[in-house]
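Novice: The following block contains the structure, expressed as structure tokens.
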Amino acid sequence: MAIERYNAPEREKHWQSVWESRDVFRTVTDPSRPKCYVLEMFPYPSGRIHMGHVRNYTMGDVLARTKRAQGFNVLHPMGWDAFGMPAENAAMERKTHPKAWTYENIAAMKSQLKSMGLSLDWSREVATCDPSYYVHQQRLFLDMFARGLAYRRKAKVNWDPVDQTVLANEQVIDGRGWRSGALVEQREREQWAFKISAYSDDLLEALGTLDKWPEKVRLMQENWIGRSDGLMMRWKLADGTAPAGHDELEIFTTRPDTLFGASFMAIAPDHPLAKAVAAQNAALAEFSDECRRAGTSAAEMEKAEKKGFDTGIRAVHPFDPSWQVPVYVANFVLMDYGTGAIFGCPAHDQRDIEFAKKYGLPIIPVVAPKDEPARGKTVARIHEGAAYLDDGVMINSHFLDGLSPKAAFDEVARRLAKERIGNEPVATRKVNYRLRDWGLSRQRYWGCPIPVVHCDACGIVPVAAKDLPVVLPDDATFDQPGNPLDRHPTWRHVSCPKCAAPASRETDTMDTFVDSSWYFARFTAPDAVTPTDQAALDYWMPVDQYIGGIEHAILHLLYSRFFYRAMGDTGHAGLRNLREPFAALFTQGMVVHETYRRADVEPPQWLLPTEVSFEGEGDARRGTEIATGKPAIIGSIEKMSKSRKNLVDPDDIIAHYGADCARWFMLSDSPPERDVIWTESGVSGAGRFIQRVWRIVDDVVGGRVAKGTPQPATVGPEALEVRRIAHRVLDQVGRNIEGLRFNVAVAQLYELSNALSGALGKSGDGLDWVVREGAELLIQMLGPMMPHLGEECWARLGYNTLLVEQPWPKADPALLVDDTVVIAVQVNGKRRDELTIGRTASKDEVEAAALQLATVVRALEGRPPKKVIVVPQRIVNVVV
RNA sequence: GCGGACGUGGUGAAACGGUAGACACACAGGACUUAAAAUCCUGAGACGGCAACGUCGUGCGGGUUCAAGUCCCGCCGUCCGCACCA
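Here the first sequence stands for residues 137 to 1016, numbered as in the working numbering.
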């Protein structure tokens, strides 16, 4: 009799309401239990969830549910990264309010997430745009301000002309704003910054402790922080060549060992010395202006030719008063790194050698390979214009000759530390970092207000704690560009908290990355009256597994590492004062899909997957636009995006196949760190598997042994084999889930269900009992991945408990080892045969058995083997 | 330019240095059916052979090892990050 198909969409709603009504996912802070904090990067409420969210949140949910079954007290919260530009753009375009738009989106997306059946504790939900969240952020900010970790500075900033706001260095990608895509301009502005540079060394060093982070992310952060060890070195300027008041020039170098290869100095156009000369030299002033103009766009800067202007100043070599080198103003020297001045050693720096060739400066090799003829070749190549960067031995360098560059570095540092200009040493060791302070001011409305007041008399005055939060005014207008807070008629006009004189509220708001830099801490005690609750933090932190996209490798993940340190130093990170918020990080791949577009149209007109029909397969596969009947081009597989229209709506999939099907497909096949190609056939395959599980369970409950039947006395060999598979899979699936190898876990569950399907058609000693046992294990293991199907099957198997509340089953160790093993037999490393033998057989027994095999005898041709390698329970290799 | 990752059937992929291709998708053949859908069974890395079986096979070229997809060296290709950082 045909059984009824499992109606996923209908049953999923049922089980979701059961979970909700029993409040099974509420988490209580309970230090007596082992904890596990599973977190996925919270979404920006753009309006609807997309497949990337489905993948991300499915992975976290599987882990959270598994850990919960394994007895951990699991924290698995969700919230909204709710401030940001799109809300203001929507307000401008649609005449709505950012707040209304955001909260509507949150409601819609929350309902979508609920339809996925995620095991989230919604009682801990936070939205960063809610005053109940950002009041605490304002407190954190003021504490950081009091400690000098947040400060105001005048600086060159990245100005996004489209979003009309300042961007942090991390938010400029290839010279363009990360959000708007507009070419970023450099502008001088007063703005707020976080002193992330105070933690450069700690942030770098501690990367070494993050052994559960991807190597790639650690490396990216390492490069971003960019430590370099070198020397600050002061050069005297030759008398009469430099303007008054400039009798020395300080440079930073990481290659003091190449000091005897120096042939020029170069300084930034904005260097004080350059400005002093330019004041009297129109040609240089013109040159500097040109450099600055070219410098307005980072993209142009990359391609710019290296140019210099000889100032006529001469600098005196620290070891040889008679040796003078020219000082150039150069377009490639940056004012904000080191001292804005360098010495050029052309032979050992590719950029310097290009510069030297262009301006006819000497090129003196000072490092070369130890041995001829490599040395001769290297010197020749240097003179052809190829800088030598490898290790070697010092040459042409007086007292350094023969030393290694490393020893030469130390020797130069040692000698120059003793030399004096005035009372100061000529050179001191110095560590420089590429990492800049984090500019956090944004000239936008929809962000966390910076809680300070500008008073003519008192300067910058923090808003008193009792007056927090500084709340955004609801009645702002969005009908023109610029900052709505600036033009609000009343909001900014306040009296000074200190002297009560009329004063002006800060109208910049915080970068939204501030909001996401501590939300994970707030989740541990979302109702605390202080920003964090020390006891809750001490119990829950760090996040045991954080899951999100690689695009945050630097931005969010570096900011959060900094912010948690700053919270610690202002007393907000728990009594244990952990420094690292995320113990383990996993960066999942993207969801990609084929693209479709109309034929012969430029620019491309993209079509939605639902607008195209297909026939044929492989190379012969053709697409047709359904509406017009015209051919559609099947294009490359790309990240799902609105612009390419290669989108699949999670709602459609959930409504048609169910959430479990979408979840199962996301977990199958592709390793989670790689991209997954969304295909219709893959989804329907997942759907077929759901029905198959349903049929297995149906078969088990129909006429087979009942729930709780004791194990029969005899279990035949066929049944035993099924048991072995079930317990072996059980043993491995848990480990594979913990290791986030979901695709492998899925494959093993397929293997088990194949074994059960195969056994269902047969009869044998104890087989019915074994199949029921296997089916129950299958359902328990499937539970974290397809939780609705799991509950439905669990109930059908006769249980009136909830599967989600069942402990994780344990494999029987006795079933994990077989009495006999199959050993591969190789001759000269090539597999020739196999051998079935007792598991405990000795090496000698295995060797003897192997040598009797016909294939081996044939290969030996009567001679004794040269050597026989036996790896017990694995392999025999006969060397002839 | 610098740094990193990856490269396995038609496809997505598995594989503590130890039987390469588990599992899935697609495909082919068969069963059931008036038929289709659904389901079940079977097959399949390539080449040769009716078959038993043989030869080759994890981007290319070397090396280490009894044994290499896995370790080492050198290439090629693809992708990603950084890019005047002194």
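All C-beta atoms, glycine included, are put in the ideal place defined by N, C-alpha and C.
#1: Could you give the DSSP three-state label for isoleucine 683: helix, strand or coil?
#2: Please classify glutamate 436 as buried or exposed, where buried requires at least 16 neighbouring CB atoms within 10 angstroms.
#3: Starting from the N-terminal side, write out each stretch of the beta strand (DSSP E) that is 3 residues or longer and does not extend beyond the segment 562–589.
#4: Tell me, which residues are paired with glycine 480 by DSSP?
#5: Counting only runs of 4+ residues fully inside the segment 740–802, write out the alpha helix (DSSP H) ranges in chain order.
#6: Given arginine 932, which residues of its chain have a CB within under 8 angstroms of its CB, disregarding the five upstream and five downstream residues?
#7: Would you please state the rounded distance, in angstroms, between the beta carbons of alanine 986 and valine 1007? I believe it to be under 8 angstroms.
#8: Return the first residue and the last residue of the alpha helix (DSSP H) that methionine 228 is part of.
#9: Taking the straight line between their C-alpha atoms, what separation do you get for lysine 149 and valine 961?
#10: Taking all protein chains shown into account, decide if alanine 849 is buried (16 or more other Cβ within 10 angstroms of its Cβ) or exposed.
#11: Going straight from the alpha carbon of histidine 233 to that of threonine 613, what length do you get?
#12: Do you know offhand how far aspartate 119's Cα is from threonine 723's?
#13: What number of angstroms, rounded off, separates the C-alpha of arginine 860 from the C-alpha of valine 841?
#14: Name the DSSP beta bridge partners of threonine 972, please?
#15: Tell me which residue opens and which closes the beta strand (DSSP E) that glycine 1021 is part of.
#16: Take glutamate 816 as the anchor and find which of Glu761, Thr746, Asp338 has the nearest alpha-carbon.
#17: Thinking C-alpha only, which one of Leu866, Gly875, Val957, Arg994 is nearest lysine 946?
#18: Report yes if the C-beta distance between alanine 510 and isoleucine 489 is below 8 angstroms; otherwise report no.
#19: Pick from Gly512, Gly476, Gly521, Glu508: whose alpha carbon is nearest that of proline 498?
#20: Can you pull the DSSP bridge partners for valine 963?
#21: Look at the alpha carbon of serine 899 and the alpha carbon of valine 851, and state the distance between them as a whole number of angstroms.
#22: Check valine 1004 in the structure and name its three-state DSSP category.
#23: Identify the residues that DSSP records as bridge partners of arginine 312: which are they?
#24: Looking at C-beta atoms only, is the number of pairs between the segment 236–244 and the segment 661–678 that lie closer than 8 angstroms three or more?
#25: Taking a contact to mean a Cβ-Cβ separation below 8 angstroms, would you say asparagine 305 touches glutamine 322 in this structure?
#26: Quick one: grab the DSSP three-state call for alanine 435.
#27: How big is the Cα-Cα spacing for proline 587 and threonine 643?
#28: From what residue to what residue does the alpha helix (DSSP H) around lysine 493 run?
#29: If you follow the beta strand (DSSP E) that lysine 292 is in, where does it begin and where does it stop?
#30: Residue range of the alpha helix (DSSP H) that threonine 301 falls in?
#31: In the DSSP assignment, find the beta strand (DSSP E) that holds glutamine 724 and state where it starts and stops.
#32: So, using beta-carbon positions, are glutamine 827 and tyrosine 270 closer together than 8 angstroms?
#33: On the DSSP bridge list, what partners appear for cysteine 172?
#34: On the premise that alanine 862 lies in contact with glycine 910, defined as a C-beta separation below 8 angstroms, what is that separation, rounded to the nearest angstrom?
#35: Between Ile959, Thr991, Arg734, Leu691, which lies nearest to serine 978 when the distance is taken from Cα to Cα?
#36: State the DSSP-derived secondary structure class of methionine 195, mapped to helix, strand or coil.
Specialist: To lay it out plainly:
#1: The sequence position of residue 683 within the first sequence is 547, counting from 1. Taken through DSSP and simplified to helix, strand or coil, isoleucine 683 comes out as strand.
#2: Walking along the first sequence from the start, residue 436 turns up at place 300. With a pLDDT of only 47 at glutamate 436, under 50, the local geometry of the prediction cannot be trusted, and no value is derived from it.
#3: The segment 562–589 contains these whole beta strand (DSSP E) runs: 563–569.
#4: Reading the first sequence from its first residue, position 344 is the one you call residue 480. Phe400, per the DSSP bridge assignment.
#5: List check, alpha helix (DSSP H) in window: 786–792.
#6: Against the first sequence, residue 932 aligns to sequence position 796. Correct list, in chain order: Val833, Asp834, Val837.
#7: Within the first sequence, residue 986 is the residue found at index 850, counting from 1. Within the first sequence, residue 1007 is the residue found at index 871, counting from 1. The pair is not a contact, with the Cβ atoms about 12 angstroms apart (cut-off 8 angstroms).
#8: Counting from one through the first sequence, the residue named residue 228 turns up at place 92. Residues 221–230.
#9: Here the question's residue 149 lines up with position 13 in the first sequence. Here the question's residue 961 lines up with position 825 in the first sequence. Roughly 55 angstroms between the two C-alpha positions.
#10: Here the question's residue 849 lines up with position 713 in the first sequence. Under the 10 Å beta carbon count, alanine 849 is surrounded by fewer than 16 other beta carbons and is classified as exposed.
#11: Locating residue 233 in the first sequence gives position 97, where the first residue counts as 1. Locating residue 613 in the first sequence gives position 477, where the first residue counts as 1. Looking at the two C-alpha atoms, the distance is approximately 9 angstroms.
#12: In the structure as shown, the chain starts at 137 and stops at 1016, and residue 119 therefore has no counterpart that could be examined.
#13: To locate residue 860, count along the first sequence from 1; it is residue 724. To locate residue 841, count along the first sequence from 1; it is residue 705. Taken atom to atom, the span from the alpha-carbon of arginine 860 to that of valine 841 is near 19 angstroms.
#14: Numbered from 1 along the first sequence, position 836 holds the residue referred to as residue 972. Note: threonine 972 sits in a beta bridge opposite Val958.
#15: Coverage of the chain is limited to positions 137 through 1016, which leaves residue 1021 absent and any answer about it impossible.
#16: Position 680 of the first sequence, counted from the first residue, corresponds to residue 816. With distances taken between Cα atoms, glutamate 816 lies closest to Thr746.
#17: Against the first sequence, residue 946 aligns to sequence position 810. Measuring C-alpha to C-alpha distances from lysine 946 to each of Leu866, Gly875, Val957, Arg994 identifies Leu866 as the nearest.
#18: Translated into positions along the first sequence, residue 510 becomes position 374. Translated into positions along the first sequence, residue 489 becomes position 353. Not in contact: alanine 510 and isoleucine 489 (Cβ atoms no closer than 8 angstroms).
#19: Counted from its first residue, the first sequence places residue 498 at position 362. For the set Gly512, Gly476, Gly521, Glu508, the Cα lying nearest the Cα of proline 498 is the one of Gly521.
#20: One-based indexing of the first sequence puts residue 963 at position 827. DSSP, once it has assigned bridges, lists Lys966, Val1014 as partnering valine 963.
#21: The residue labelled residue 899 in the question sits at position 763 within the first sequence. The residue labelled residue 851 in the question sits at position 715 within the first sequence. If you take the alpha carbons of serine 899 and valine 851, they lie about 11 angstroms apart.
#22: As a working note, residue 1004 is residue 868 in the first sequence. In the structure shown, valine 1004 falls within a strand segment according to DSSP collapsed to helix, strand and coil.
#23: Working through the first sequence from its first residue, we reach residue 312 at position 176. Residue pairing of arginine 312 in beta bridges, as defined by DSSP: Ile309, Leu319.
#24: The segment 236–244 is not in contact with the segment 661–678.
#25: As a first step, residue 305 is located in the first sequence; it is residue number 169 there, counting from the start. As a first step, residue 322 is located in the first sequence; it is residue number 186 there, counting from the start. Taking 8 angstroms as the Cβ cut-off, asparagine 305 and glutamine 322 do not qualify as a contacting pair.
#26: By 1-based counting over the first sequence, the position of residue 435 is 299. Caution applies to alanine 435, whose pLDDT of 43 falls short of 50 and renders its modelled position unreliable; the model cannot decide the point.
#27: Position 451 of the first sequence, counted from the first residue, corresponds to residue 587. Position 507 of the first sequence, counted from the first residue, corresponds to residue 643. Approximately 9 angstroms, taken between the alpha carbons.
#28: Here residue 493 refers to the residue found at position 357 when the first sequence is read from its first residue. From DSSP, the alpha helix (DSSP H) with lysine 493 extends over 486–495.
#29: Taking the first residue of the first sequence as 1, we reach residue 292 at position 156. Run containing lysine 292: 286–296, per the beta strand (DSSP E) assignment.
#30: Position 165 of the first sequence, counting from 1, holds the residue named residue 301. Premise fails: threonine 301 lies in the beta strand (DSSP E), 301–303, not in any alpha helix (DSSP H).
#31: As a first step, residue 724 must be located in the first sequence, where it is residue number 588. Glutamine 724 -> beta strand (DSSP E) spans 721–724.
#32: By 1-based counting over the first sequence, the position of residue 827 is 691. By 1-based counting over the first sequence, the position of residue 270 is 134. No. Outside cutoff.
#33: The count along the first sequence starts at 1 and reaches residue 172 at position 36. Bridge partners of cysteine 172: Val210.
#34: Residue 910 sits at position 774 when you count from the first residue of the first sequence. Residue 862 sits at position 726 when you count from the first residue of the first sequence. Contact flag correct, Cβ pair sits at about 4 angstroms.
#35: Within the first sequence, residue 978 is the residue found at index 842, counting from 1. If we check each option's Cα against that of serine 978, Ile959 comes out closest.
#36: Along the first sequence, read from residue 1 onward, the residue named residue 195 stands at position 59. Methionine 195 falls in the helix class under three-state DSSP.
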